[in-house]
Amino acid sequence: MQSVNESTVHNALSAILNTLGTPDTTLHQEALEAYQSGDADKLRLLAATHLGDHFCRSLGYAVSAKTKPGLPTVAVVLAEAARAAADFAREREM
């Protein structure tokens, strides 16, 4: 199995952020600011208190990959973040 390098993690995170787009609610703005500052605890809290919010869920996963790109499970974390971003994009378009 091939490992994921930091460049791949960065590219995946950029694609996820592009999929999520610009936040249009205060909750999403708060989540993005927490992601940008690397505040994983705040993102976990936002995701846990807004279980149906795919934007928060995506960034909750993504922050783990951003802050710890060398984790052995980073590919799984990125996949979950990407799935949540896709769910958010699908809901936004409906």
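With the numbering used here as the guide, the letters of the sequence shown map in order to residues 52 to 145.
From the three backbone atoms N, C-alpha and C, an ideal C-beta is built for every residue, glycine too.
Keep in mind the model is a prediction, meaning the values are calculated, not measured.
*Taking C-alpha atoms, which residue in T76, A137 and A126 lies nearest to V60?*
Here residue 60 corresponds to residue number 9 of the sequence shown, with the count starting at 1. Looking at the Cα atoms, A126 is the closest of the given residues.
- Three-state secondary structure (DSSP) at H101? Looking up residue 101 in the sequence shown gives position 50. Three-state result, H101: coil.
Q) Just the Cα atoms here: how many angstroms apart are E84 and S65? A) The count along the sequence shown starts at 1 and reaches residue 84 at position 33. The count along the sequence shown starts at 1 and reaches residue 65 at position 14. Whole-angstrom Cα-Cα distance: 15 angstroms.
Q.
If you measure between the beta carbons of A63 and L122, is that distance less than 9 angstroms?
A. Here residue 63 refers to the residue found at position 12 when the sequence shown is read from its first residue. Here residue 122 refers to the residue found at position 71 when the sequence shown is read from its first residue. Taking 9 angstroms as the Cβ cut-off, A63 and L122 do not qualify as a contacting pair.
Same chain only: Cβ atoms within 7 angstroms of I67, ignoring 5 sequence neighbours per side: Position 16 of the sequence shown, counting from 1, holds the residue named residue 67. Here the set comprises S109, A113, A132, A133 and A136.
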